[in-house]
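Novice: Residue numbers (our numbering): 21 to 643. Sharing a structure below in structure tokens format, with a few things to ask.
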Amino acid sequence: MSDTERQSQDAASTGTGYRVLARKYRPKDFTDLMVGQEPMVRTLTNAFETGRIAQAYMLTGVRGVGKTTTARILARALNYKTAEIDKPTIDLRVPGEHCQAIMEGRHVDVIEMDAASHTGIDDIREIIEQVRYRPVSARYKVYIIDEVHMLSTQAFNGLLKTLEEPPEHVKFIFATTEIRKVPITVLSRCQRFDLRRISASDLVGLFTTIAAKEGIEAEPDALAMIARAAEGSARDGLSLMDQAIAHGGGVVQAEAVRGMLGLADRARIVDLFQHVVRGDVASALNEFQSQYEAGANPVVVLTDLADFTHLVTRLKYVPDAANDPSLSEVERTKAAEFAQSVAVTTLSRIWQMLLKGIPETENSSRTAGAAEMVLIRLAHAAHLPAPEDAARRLAEFSNEGNASRPSSPAPSGNGGGGTRVPYQTSVQARSPEPAPRPQPSGPTAMLRAVPNPEPQNIGRVETRPAEAPKPLVSVNSISDIVDLAAEKRDPKMKALLRTFVRPVRIEPGRLDVSLAEGAPNTLLNELAVKLREWTGIHWIVSLSREESQPTMVEAEAKAQEQRVSDARQDPDVAAILAQFPGAKIIDVRVRAPTPEEEAEEIKPPAAAESEEGDILPGDDIEF
Numbered sequence: 021m022s023d024t025e026r027q028s029q030d031a032a033s034t035g036t037g038y039r040v041l042a043r044k045y046r047p048k049d050f051t052d053l054m055v056g057q058e059p060m061v062r063t064l065t066n067a068f069e070t071g072r073i074a075q076a077y078m079l080t081g082v083r084g085v086g087k088t089t090t091a092r093i094l095a096r097a098l099n100y101k102t103a104e105i106d107k108p109t110i111d112l113r114v115p116g117e118h119c120q121a122i123m124e125g126r127h128v129d130v131i132e133m134d135a136a137s138h139t140g141i142d143d144i145r146e147i148i149e150q151v152r153y154r155p156v157s158a159r160y161k162v163y164i165i166d167e168v169h170m171l172s173t174q175a176f177n178g179l180l181k182t183l184e185e186p187p188e189h190v191k192f193i194f195a196t197t198e199i200r201k202v203p204i205t206v207l208s209r210c211q212r213f214d215l216r217r218i219s220a221s222d223l224v225g226l227f228t229t230i231a232a233k234e235g236i237e238a239e240p241d242a243l244a245m246i247a248r249a250a251e252g253s254a255r256d257g258l259s260l261m262d263q264a265i266a267h268g269g270g271v272v273q274a275e276a277v278r279g280m281l282g283l284a285d286r287a288r289i290v291d292l293f294q295h296v297v298r299g300d301v302a303s304a305l306n307e308f309q310s311q312y313e314a315g316a317n318p319v320v321v322l323t324d325l326a327d328f329t330h331l332v333t334r335l336k337y338v339p340d341a342a343n344d345p346s347l348s349e350v351e352r353t354k355a356a357e358f359a360q361s362v363a364v365t366t367l368s369r370i371w372q373m374l375l376k377g378i379p380e381t382e383n384s385s386r387t388a389g390a391a392e393m394v395l396i397r398l399a400h401a402a403h404l405p406a407p408e409d410a411a412r413r414l415a416e417f418s419n420e421g422n423a424s425r426p427s428s429p430a431p432s433g434n435g436g437g438g439t440r441v442p443y444q445t446s447v448q449a450r451s452p453e454p455a456p457r458p459q460p461s462g463p464t465a466m467l468r469a470v471p472n473p474e475p476q477n478i479g480r481v482e483t484r485p486a487e488a489p490k491p492l493v494s495v496n497s498i499s500d501i502v503d504l505a506a507e508k509r510d511p512k513m514k515a516l517l518r519t520f521v522r523p524v525r526i527e528p529g530r531l532d533v534s535l536a537e538g539a540p541n542t543l544l545n546e547l548a549v550k551l552r553e554w555t556g557i558h559w560i561v562s563l564s565r566e567e568s569q570p571t572m573v574e575a576e577a578k579a580q581e582q583r584v585s586d587a588r589q590d591p592d593v594a595a596i597l598a599q600f601p602g603a604k605i606i607d608v609r610v611r612a613p614t615p616e617e618e619a620e621e622i623k624p625p626a627a628a629e630s631e632e633g634d635i636l637p638g639d640d641i642e643f
């Protein structure tokens, strides 16, 4: 009878005795820890050989990589003692006097504490009081504190002094998954080891060895699926393997593991990727529907598709990555083929769209529909050119249009001697019509061209003396500051000045203002800095409680209301409003006078006299 059958028989008869694989095959010495943690083992080996043993160790890493197990092995190495060896060592092949009790967590001098349930200062105070006493039987009294980041701030502070200068017979070993939550004052007193994620290839090797020891038939593809699902955690992987053994009735098969984990067939993921890169939407949706009906999770399908996209991209630059034992033969061969045929820009675009589509699918109430929409976007984007290709084609198109454009206008008529302008050239030569400019809310400036009085001087280069340095900018009003902000291309400050600043007093180097409701707290400081930068002098900008003028926005609004009121009182406007029921005045704009009108105003005619509030010629009124 094999060991597995005997163990199963005992467990069935007594109801107890079965140990899960994660506990049964927990590493017992540094040789077992060599799986994925070689840098830490090498450092500890050299430290023990030279006698440079630290007073405290900090072990950090993701769940299931062996932090607590490493802490126990380290405590065993510190207290190792046999008939021949009585000193700390990492060579633990022969069990010592304290090894069994330490590994089982029942040694009196190795105290394990879970910081998640002992977070307060009282628990740390108890440790501080006990460190004074020497160990009962071992060489060192070792305190193993798991999940140390759960300690309170007071507990950390209370531990600092003891941690910095502990007695010679005391060692501390901390373990945590959240290293950033541990205060730097504690980290600086510890020797830190970052336990790495175990690679999928190492996990496959570990699972294969354990399956052989247990006498379990396991397919390589099934173990590869478990290794990928474990995400670098040996404990998670062994727990999944335990579940797969029970699910398959003592046999670990790929199909059973796929159904247990809700995974999609990796070969079918490759087919789905092929449909996507070809832009075949119908085939991609049919393939996804088949996988969904077979029990695959839509989010897992997209995640596997992203993993395969990453694999194809990686193989373009690291061909040796195809030797990963966690990859199936289909993944290995097809990924290499796609790496040769699919462009990096396409792969990058698929990757970016999947990164956005996966969380959308997770948060959607209809995961299958959301996943299908992601696949539709991916397949549609496969027909789009890469950005650099689009730019190159546009440049070529522009060059062809410029080359085929005639140097002289084509003669009119139906004669055959003229140059034919192709269709592309006519499109390229046509400039878009300018969008209509919005009408300004204030007075409209009328500009006209001024002829050059000396046309004969065109083309002649004259040497002029250097210009004198410009004087300091003169600022006499808020309007000047607003104009200065516009000149310096600071639209934010311009808008803040117009909206919130109510001037009280302005002098060279000093500005007293009050602020409208909602003004930013830093506005005055920012304005002082800007004024010094723009004018070259130091400014004092202070908040005043004296009576102030309205802001520019308030003044403009009030002036506009006055113009509308004046327009409403005009007889002609009143007649128009009465003639068209429902009509209303929307805006009143004052047009700047033309030069002829300005000359006419020099000698005002009697007919131009009017009462205040009348609408004069030149005023624009919108209805």
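Yeah, the Cβ is synthetic: ideal placement off N, Cα and C, and Gly gets one too.
For ILE193, write down the residues that DSSP places opposite it in a beta bridge.
Specialist: For the purposes of this step, residue 193 is taken as residue 173 along the sequence shown, with counting starting at 1. BP columns for ILE193 point to TYR77, ILE164.
Novice: Within a Cβ cutoff of 6 Å, which residues of the same chain sit near GLU566, ignoring the five residues on either side of it in sequence?
Specialist: Numbered from 1 along the sequence shown, position 546 holds the residue referred to as residue 566. Result list for GLU566: VAL524, in chain order.
Novice: Alpha helix (DSSP H) containing SER562: first to last residue?
Specialist: Looking up residue 562 in the sequence shown gives position 542. First-last for SER562: 560 to 563, but that is the beta strand (DSSP E), not the alpha helix (DSSP H).
Novice: VAL332: buried (16+ other C-beta within 10 angstroms of its C-beta) or exposed?
Specialist: Locating residue 332 in the sequence shown gives position 312, where the first residue counts as 1. VAL332 should be labelled buried.
Novice: State the beta-bridge partners of PHE213 as determined by DSSP.
Specialist: As a position in the sequence shown, residue 213 is number 193, starting the count at 1. The partner list for PHE213 (beta bridge, DSSP) reads LEU79.
Novice: Can you give the beta carbon distance from ILE93 to PRO155, rounded, assuming they're within the 8 Å contact cut?
Specialist: For the purposes of this step, residue 93 is identified with residue 73 of the sequence shown, where counting begins at 1. For the purposes of this step, residue 155 is identified with residue 135 of the sequence shown, where counting begins at 1. That belief does not hold up - the Cβ atoms of ILE93 and PRO155 are roughly 18 Å apart, past 8 Å.
Novice: What does a CB cutoff of less than 7 Å around PRO473 pick up in its chain, not counting 5 residues either side in sequence?
Specialist: Translated into positions along the sequence shown, residue 473 becomes position 453. For PRO473, the predicted structure reports a pLDDT of 47, less than 50, and the residue's modelled location is therefore unreliable. The matter cannot be settled from this model.
Novice: Could you give the residue range of the alpha helix (DSSP H) that holds MET170?
Specialist: Within the sequence shown, numbered from 1, the residue matching residue 170 stands at position 150. Here MET170 belongs to no alpha helix (DSSP H), and DSSP marks it neither H nor E.
Novice: Hey, could you find the ends of the beta strand (DSSP E) ASP262 is sitting in?
Specialist: Taking the first residue of the sequence shown as position 1, residue 262 is located at position 242. Element bounds for ASP262: not the beta strand (DSSP E) but the alpha helix (DSSP H), 254 to 267.
Novice: Would DSSP call LEU535 helix, strand or coil?
Specialist: Mapped onto the sequence shown, residue 535 falls at position 515. Note: LEU535 maps to strand in three-state DSSP.
Novice: Along the chain, which unbroken stretches of the alpha helix (DSSP H) at least 4 residues long are found entirely within the segment 337 to 424?
Specialist: Entirely contained in the segment 337 to 424, the alpha helix (DSSP H) runs reaching 4 residues are, in chain order, 349 to 361, 364 to 383, 387 to 401, 407 to 424.
Novice: Please check the pair ALA399 and GLY299, which I expect to be a contact at CB under 8 Å, by giving their CB distance rounded to whole angstroms.
Specialist: By 1-based counting over the sequence shown, the position of residue 399 is 379. By 1-based counting over the sequence shown, the position of residue 299 is 279. Correct: roughly 5 Å between the Cβ atoms.
Novice: Please report the Cβ distance between ALA135 and LEU171, rounded to the nearest whole angstrom; I am assuming they are in contact, meaning their Cβ atoms lie under 8 Å.
Specialist: Here the question's residue 135 lines up with position 115 in the sequence shown. Here the question's residue 171 lines up with position 151 in the sequence shown. Right, their Cβ atoms sit about 5 Å apart.
Novice: Among residues of its own chain, excluding the 5 on either side of HIS169, which ones have a beta-carbon nearer than 6 Å to its beta-carbon?
Specialist: In the sequence shown, counting from the first residue as 1, residue 169 sits at position 149. Same-chain partners within the cutoff: THR196, GLU198, LYS201, VAL202.
Novice: So, is GLN120 buried or exposed, given that buried needs 16 or more other C-beta atoms within 10 angstroms?
Specialist: Reading the sequence shown from its first residue, position 100 is the one you call residue 120. It counts as exposed.
Novice: Note the first and the last residue of the continuous beta strand (DSSP E) segment covering ASP134.
Specialist: Counted from its first residue, the sequence shown places residue 134 at position 114. It spans 130 to 134 - the beta strand (DSSP E) in which ASP134 sits, taken as one unbroken run.
Novice: From the DSSP output, read off the bridge partner residues of ALA238.
Specialist: The count along the sequence shown starts at 1 and reaches residue 238 at position 218. In DSSP, ALA238 forms a bridge with VAL272.
Novice: In angstroms, rounded to a whole number, what distance separates the CA positions of LEU180 and ASN541?
Specialist: What you label residue 180 is simply residue 160 of the sequence shown in a count that begins at 1. What you label residue 541 is simply residue 521 of the sequence shown in a count that begins at 1. Each residue's alpha carbon lies about 42 Å from the other.
Novice: Does the beta-carbon of TYR38 have 16 or more other beta-carbons within 10 angstroms, so that it is buried, or is it exposed?
Specialist: Locating residue 38 in the sequence shown gives position 18, where the first residue counts as 1. Exposed is the call here.
Novice: Could you tell me the boundaries of the alpha helix (DSSP H) in which ILE122 lies?
Specialist: As a first step, residue 122 must be located in the sequence shown, where it is residue number 102. Unbroken alpha helix (DSSP H) run through ILE122: 119 to 123.
Novice: One question on the structure: do ARG530 and THR571 come within less than 9 Å of each other, judged by their Cβ atoms?
Specialist: Start at 1 with the first residue of the sequence shown, and residue 530 comes out as number 510. Start at 1 with the first residue of the sequence shown, and residue 571 comes out as number 551. Taking 9 Å as the Cβ cut-off, ARG530 and THR571 do not qualify as a contacting pair.
Novice: Count Cβ pairs between the segment 131 to 146 and the segment 230 to 241 that sit closer than 8 Å; are there 3 or more?
Specialist: Counting Cβ pairs under 8 Å, fewer than three are found: no touch.
Novice: Between the Cα of LEU374 and the Cα atoms of VAL364, ALA391, ALA515, VAL162, which residue gives the shortest distance?
Specialist: Residue mapping note: residue 374 aligns to position 354 of the sequence shown, counting from 1. Nearest option by C-alpha distance: ALA391.
Novice: Which same chain residues end up closer than 6 Å to PHE328 when comparing Cβ atoms and leaving out the 5 residues on each side of it in sequence?
Specialist: As a working mapping, residue 328 is identified with position 308 in the sequence shown. So the list reads ILE289, PHE293, once near-sequence residues are dropped.
Novice: Can you tell me where the alpha helix (DSSP H) with ARG583 in it begins and where it stops?
Specialist: The residue you call residue 583 lines up with position 563 of the sequence shown. Here the alpha helix (DSSP H) through ARG583 covers 572 to 589.
Novice: Determine the contact status of GLY84 and ALA254, defining contact as a CB-CB distance below 9 Å.
Specialist: Start at 1 with the first residue of the sequence shown, and residue 84 comes out as number 64. Start at 1 with the first residue of the sequence shown, and residue 254 comes out as number 234. Yes. Within cutoff.
Novice: Ends of the alpha helix (DSSP H) at ASP500?
Specialist: Start at 1 with the first residue of the sequence shown, and residue 500 comes out as number 480. Run containing ASP500: 498 to 507, per the alpha helix (DSSP H) assignment.
Novice: Locate the alpha helix (DSSP H) running through PRO108, then write down its first and last residues.
Specialist: For the purposes of this step, residue 108 is identified with residue 88 of the sequence shown, where counting begins at 1. No alpha helix (DSSP H) holds PRO108; DSSP gives it neither H nor E.
Novice: To the nearest angstrom, report how far apart ASP500 and ALA506 are at their CA atoms.
Specialist: As a working mapping, residue 500 is identified with position 480 in the sequence shown. As a working mapping, residue 506 is identified with position 486 in the sequence shown. Looking at the two C-alpha atoms, the distance is approximately 10 Å.
Novice: Around the C-beta of PHE227, are 16 or more other C-beta atoms found within 10 angstroms, so that it is buried, or is it exposed?
Specialist: Position 207 of the sequence shown holds residue 227. So PHE227 counts as buried.
Novice: Can VAL573 and ILE605 be called in contact, C-beta distance under 9 Å?
Specialist: In the sequence shown, the residue the question calls residue 573 occupies position 553. In the sequence shown, the residue the question calls residue 605 occupies position 585. No, they are not a contact pair.
Novice: Hey, would you say ARG412 sits closer than 9 Å to SER346, going by beta carbons?
Specialist: Here residue 412 refers to the residue found at position 392 of the sequence shown. Here residue 346 refers to the residue found at position 326 of the sequence shown. Against a cut-off of 9 Å, the Cβ pair of SER346 and ARG412 comes out as no contact.
Novice: Decide if the segment 539 to 555 is in contact with the segment 509 to 519; the criterion is three or more beta carbon pairs, one per stretch, under 8 Å apart.
Specialist: Yes, the segment 539 to 555 is in contact with the segment 509 to 519.
Novice: Could you check which residue in LYS376, VAL338, MET280 has the C-alpha nearest to that of ALA314?
Specialist: If you number the sequence shown from 1, residue 314 lands on position 294. That would be MET280, whose Cα lies nearest to the Cα of ALA314.
Novice: From the DSSP output, in three-state form, read off ILE93 for me.
Specialist: As a first step, residue 93 is located in the sequence shown; it is residue number 73 there, counting from the start. Correct three-state label for ILE93: helix.
Novice: Please classify GLN582: is it buried, with 16 or more other beta-carbons within 10 angstroms of its beta-carbon, or exposed?
Specialist: For the purposes of this step, residue 582 is taken as residue 562 along the sequence shown, with counting starting at 1. Label assigned to GLN582: exposed.
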